[in-house]
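Have a look at the structure below, then the notes.
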Amino acid sequence: MRDWRAGFQARDKTTWKRGKRQLAPRRRLESDPARRTTAGIESLVWMRFVAAASAIRPFPPSPSPQALRRAAANISISSRKFVGYSSFRFCSGSSSLPRSRAPTMVTPITVHNSLKPGAPVPFVPREEGKVSWYACGPTTYDLSHLGHARNYVSTDIIRRILMYHFGYQVKFVMNYTDIDDKIIIKARRKRLLELEKEKPYTPEQVRELVFKAFQAYAKSNLPLLAGAEPLDENNYIERRDAAYGRVLAGGTLSGEGKPSDAEAKVKMHISAMDAAAQALRDGTGFDGAEEVLLPYLDSLYKDTFDTSDQSIFTNLTQAMEKAFNDDMTALNVLPPDAVTRVTEYVPQIINFVQRIIDKGFAYEANGSVYFDIAAFEKAGNTYARLRPESKNDKALQEEGEGSLSKGLEGKKRSGDFALWKKSKPGEPWWPSPWGPGRPGWHIECSVMASDKLGEQMDIHSGGIDLAFPHHDNELAQSEAYFYEAGKGEHTWVNYFLHMGHLSIAGSKMSKSLKNFQTIQDALATTYTARNMRIVFLMGRWNDGVEISSDMRKQADAWESTIDNFFTNIKAKIAAEELAEGVKDISLEDGPGKALLDELEQAKTDLDLALRNSFDTPTAMQVILRLVRSANIYMNDKTIEPSLRVLEAVARWVTKIVGIFGLDAQAQPPYDGLGWSSATSGPAANVDPKTAVKPYKEVYERVSGEIKALGLDAPAIQVLLDEQTPDAEFSNLETSGEKDMEKLALPYIRATSRLRDELRSIVGTLESEKKKAVLALSDRIRDYDLTDLGVQLDDQVDKPSLIKFVPAAKLIAAREEKIAAAAEKARQKEEARKAREKAEEEKWAKAKVPPQEMFKSDPKYAEFDADGLPTKLADGGEVPKSQVKKLKKEWERQKKLHEEWLSKFGGQ
Numbered sequence: 001m002r003d004w005r006a007g008f009q010a011r012d013k014t015t016w017k018r019g020k021r022q023l024a025p026r027r028r029l030e031s032d033p034a035r036r037t038t039a040g041i042e043s044l045v046w047m048r049f050v051a052a053a054s055a056i057r058p059f060p061p062s063p064s065p066q067a068l069r070r071a072a073a074n075i076s077i078s079s080r081k082f083v084g085y086s087s088f089r090f091c092s093g094s095s096s097l098p099r100s101r102a103p104t105m106v107t108p109i110t111v112h113n114s115l116k117p118g119a120p121v122p123f124v125p126r127e128e129g130k131v132s133w134y135a136c137g138p139t140t141y142d143l144s145h146l147g148h149a150r151n152y153v154s155t156d157i158i159r160r161i162l163m164y165h166f167g168y169q170v171k172f173v174m175n176y177t178d179i180d181d182k183i184i185i186k187a188r189r190k191r192l193l194e195l196e197k198e199k200p201y202t203p204e205q206v207r208e209l210v211f212k213a214f215q216a217y218a219k220s221n222l223p224l225l226a227g228a229e230p231l232d233e234n235n236y237i238e239r240r241d242a243a244y245g246r247v248l249a250g251g252t253l254s255g256e257g258k259p260s261d262a263e264a265k266v267k268m269h270i271s272a273m274d275a276a277a278q279a280l281r282d283g284t285g286f287d288g289a290e291e292v293l294l295p296y297l298d299s300l301y302k303d304t305f306d307t308s309d310q311s312i313f314t315n316l317t318q319a320m321e322k323a324f325n326d327d328m329t330a331l332n333v334l335p336p337d338a339v340t341r342v343t344e345y346v347p348q349i350i351n352f353v354q355r356i357i358d359k360g361f362a363y364e365a366n367g368s369v370y371f372d373i374a375a376f377e378k379a380g381n382t383y384a385r386l387r388p389e390s391k392n393d394k395a396l397q398e399e400g401e402g403s404l405s406k407g408l409e410g411k412k413r414s415g416d417f418a419l420w421k422k423s424k425p426g427e428p429w430w431p432s433p434w435g436p437g438r439p440g441w442h443i444e445c446s447v448m449a450s451d452k453l454g455e456q457m458d459i460h461s462g463g464i465d466l467a468f469p470h471h472d473n474e475l476a477q478s479e480a481y482f483y484e485a486g487k488g489e490h491t492w493v494n495y496f497l498h499m500g501h502l503s504i505a506g507s508k509m510s511k512s513l514k515n516f517q518t519i520q521d522a523l524a525t526t527y528t529a530r531n532m533r534i535v536f537l538m539g540r541w542n543d544g545v546e547i548s549s550d551m552r553k554q555a556d557a558w559e560s561t562i563d564n565f566f567t568n569i570k571a572k573i574a575a576e577e578l579a580e581g582v583k584d585i586s587l588e589d590g591p592g593k594a595l596l597d598e599l600e601q602a603k604t605d606l607d608l609a610l611r612n613s614f615d616t617p618t619a620m621q622v623i624l625r626l627v628r629s630a631n632i633y634m635n636d637k638t639i640e641p642s643l644r645v646l647e648a649v650a651r652w653v654t655k656i657v658g659i660f661g662l663d664a665q666a667q668p669p670y671d672g673l674g675w676s677s678a679t680s681g682p683a684a685n686v687d688p689k690t691a692v693k694p695y696k697e698v699y700e701r702v703s704g705e706i707k708a709l710g711l712d713a714p715a716i717q718v719l720l721d722e723q724t725p726d727a728e729f730s731n732l733e734t735s736g737e738k739d740m741e742k743l744a745l746p747y748i749r750a751t752s753r754l755r756d757e758l759r760s761i762v763g764t765l766e767s768e769k770k771k772a773v774l775a776l777s778d779r780i781r782d783y784d785l786t787d788l789g790v791q792l793d794d795q796v797d798k799p800s801l802i803k804f805v806p807a808a809k810l811i812a813a814r815e816e817k818i819a820a821a822a823e824k825a826r827q828k829e830e831a832r833k834a835r836e837k838a839e840e841e842k843w844a845k846a847k848v849p850p851q852e853m854f855k856s857d858p859k860y861a862e863f864d865a866d867g868l869p870t871k872l873a874d875g876g877e878v879p880k881s882q883v884k885k886l887k888k889e890w891e892r893q894k895k896l897h898e899e900w901l902s903k904f905g906g907q
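Per UniProt numbering, residue 1 is the first one in the sequence shown, and the count goes up by one each step.
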């Protein structure tokens, strides 16, 4: 490849002079808005590019296209929205830029910004080529569920696109909320239940405790169960169905509209009551009644609960943080660049709150500190930027304050929210100027994000359910902290990205509603990490998702198509030993050239899709269309498909699926071929000898069995003597190869060659050896290699194609084939028996002479000489219409009887 400078200087040399001459017109173009046409802007960008390029001469010793791209990126114009600087193409040997022409204008990156509802807006980071990003992390009080997966996987996809497709340096910060009302309640209740179980209760006392908890839970959460008689486990079912039957049947509380979170919450409470009622009927004590006992015990003992040992809370948060990290690793989510925890930021939070008080935007009341929304707005600031329509939503405000905030007094207005909460008995606390307390929920993120990213960041993200009040309150308190009188409103976040939530039957998946499937359970039962990510890629990141069977089928079909394409391409390349890569593909013509043109168009279409607010559904369709075209080309029997062209397509698709995070073993720049098995783990630390041992054992066993056959076949003897899979493997191991498929290939290829030779000579063998060779050949293909995840596709007059396919998939297909064969054999046997039975019945009937066939029928009383009925049992004549029918039956029986006489001679 030629030096990039040579390529650049090979252009029209007048470019440099023209660039300098155009500096004066450039200034006129900048100063006159009327001149800012698309063409004018393009020319302006080119002028500035030339000027910037001129300014950096002489060139550095070993510059790169990226270096020059950064130089061009420093060109500033007032109309950035017309051009994306990072997308200039520069020459490196050959160039897509025409001689003496300005670079082709490209589409800027746009993004849906919750701060500016509507169409996507241009994405312009504060610092060219760099992105600062804060993401709201989990509240670590329970296991993560599919709703969390939706949020964090979608966030990870966007992050990867920015980093690995658009080339940004992303500083990604995420927090763990480890001080929160939900954590306090969960940890405290868990401990109280443990203590209660340790008490020396009699069975009667336990039942009485559970019964009181049962009634208290119903009164608090299911008020419609109330009646003239006290509620108990015996009348519970009848009252439940009468009061909430409509909800249980899939309806709504009001009888109108569609079910929502309210109905989901009712079902959650009914589920807890069902279990408790069953426990009372069965006399199982605490077992089954935990959900009603937890809040009841909390109401009894929370004020006397000892919180001096905060390990009660930290043990829970640390365990849940580890579980979350394990889930994210399993989902192939990139780890944050920096992690923050609220417990590590309490002093900074206190200082942050004090500064807001000092600026007049917060006030202390009874040991708590509240944000003064009215004062904030009076100073010219905007509250509820994200969800102004929710500004006075009391239900959301109360949810944002937390269930433990009830009873705190002193707010000037109901909408004011807590920056610092006075700790009540049974709650953890930290010393502060306002007394013992703990941080409010919203202030935590403001402090930690500002500490890591400063007074302004490019991106803040989280689930859409956090928009109000959490994110709106974050914005308000942060803008209050950085507010300077006379300078207008402070911008703390430039782009707010909200991931659409995951729904189940119209309700968002939520821990609080207990209508969730944990990530651990989902990965163990219904999903692979790749399949789950594909589902999310097929929907827009900012749209709500309700996973349906059709969506799952669509995702499965997409994955299967791409997986089969990779498998076939890798097999063909291995067979043709073209693993060195694509060379001179620009020289292809005919059908190959057409596919290359489709590849280039796919690159353009995918780039445009990702620039359009990271439109992954369109990107996924672009990939699928290209792969389908490649499959058509690959399977066209009228031509000899070019593996170089197919490999070019496969490598580009590999790169994109790598960028999207669909291969847990791939690393940037994703220049491999294909993806790893969706169920395989990282192989970097696996000892190569250990990894290939099963393949080596198969080869050695097969070789020994072939030798034992004593075949007179020189070609097979040559293979047995001259194949050196051990040496091939050793060379790969020495080179540092970590790809398990490549390491295993020497043994698989050697085994496959032996089998191919066996198949080629089978027609020359005597019966017994032929049977043994065929059985061995089938066993190698269907068992020895299948059990190792290797599929052999037999070809006419060609070596078998070696394909790496997950062993579970191959074994399932084999078992399905065996089951189908067994079913076919069963049906065949049943058909044989049915034919035999029919034959027996036929000849049993045929033995009867036609003269006797009707005489045993009680309907008839008299017969003629041939045995045909003449009189009915009641003495009447046989109707003429019936006589005609009986005559036909007699004739058939006569013919059948004669056939029997002829066949069996009357025996």
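Think of the CB as a built atom: it goes at the ideal place given N, C-alpha and C, for glycine as much as any other residue.
Just so we're clear, the structure is a prediction, and the values are computed from it rather than from any experiment.
Pull up the distance between the alpha-carbon of residue i and that of residue j, whole angstroms please.
{"i": "residue 909", "j": "E640", "result": "This structure gives no information on residue 909, because the portion of the chain shown stretches from 1 to 907."}
{"i": "L466", "j": "G500", "result": "11 Å"}
{"i": "A522", "j": "L146", "result": "8 Å"}
{"i": "A401", "j": "A262", "result": "The sequence given here has Glu at residue 401, not Ala. When rounded, the distance between both Cα atoms is 19 Å."}
{"i": "L896", "j": "A821", "result": "38 Å"}
{"i": "R355", "j": "E489", "result": "17 Å"}
Among the options, whose alpha-carbon lies nearest the alpha-carbon of residue i?
{"i": "Y699", "options": "R753, L502, T110", "result": "R753"}
{"i": "P388", "options": "L115, A228, G672, P799", "result": "L115"}
{"i": "K452", "options": "V878, A276, T340", "result": "T340"}
{"i": "E208", "options": "A279, I179, V170, E229", "result": "A279"}
{"i": "R188", "options": "I270, S144, Y301, L162", "result": "Y301"}
{"i": "D663", "options": "Y481, T528, S730", "result": "T528"}
{"i": "S368", "options": "Q348, I349, K411, V333", "result": "K411"}
{"i": "K421", "options": "N366, A449, E399", "result": "N366"}
{"i": "S629", "options": "T616, F565, D687, G674", "result": "F565"}
{"i": "G590", "options": "L626, R625, D636", "result": "D636"}
Would you please verify whether the beta carbon of residue i is less than 8 Å from any beta carbon of chain C?
{"i": "E256", "result": "Looking for chain C here will not work: only one protein chain is present."}
Should residue i go down as buried or exposed, given a rule of 16 or more other Cβ atoms within 10 Å for buried?
{"i": "F904", "result": "exposed"}
{"i": "P469", "result": "buried"}
{"i": "A750", "result": "buried"}
{"i": "Y217", "result": "buried"}
Under three-state DSSP, which class holds residue i?
{"i": "G147", "result": "helix"}
{"i": "H501", "result": "coil"}
{"i": "V153", "result": "helix"}
{"i": "N494", "result": "strand"}
{"i": "I639", "result": "coil"}
{"i": "R892", "result": "helix"}
{"i": "F417", "result": "coil"}
{"i": "A379", "result": "coil"}
{"i": "A365", "result": "strand"}
{"i": "A861", "result": "strand"}
{"i": "Q456", "result": "coil"}
{"i": "P439", "result": "strand"}
{"i": "G463", "result": "strand"}
{"i": "P122", "result": "strand"}
So, under 8 Å CB-CB, residue i and residue j are touching, yes? Tell me the CB distance rounded to an integer number of Å.
{"i": "G661", "j": "R533", "result": "6 Å"}
{"i": "Y495", "j": "F172", "result": "So it is not a contact: roughly 14 Å between Cβ atoms."}
{"i": "T518", "j": "T317", "result": "Going by Cβ atoms, the distance from T518 to T317 rounds to 17 Å, so no, they are not a contact pair."}
{"i": "P428", "j": "T307", "result": "5 Å"}
{"i": "M448", "j": "Y345", "result": "6 Å"}
{"i": "L624", "j": "T561", "result": "6 Å"}
{"i": "S613", "j": "A135", "result": "Between A135 and S613 the Cβ distance is about 17 Å, and since that is not below 8 Å, they are no contact."}
{"i": "R530", "j": "A650", "result": "At roughly 17 Å, the Cβ-Cβ gap does not stay under 8 Å, so R530 and A650 are not in contact."}
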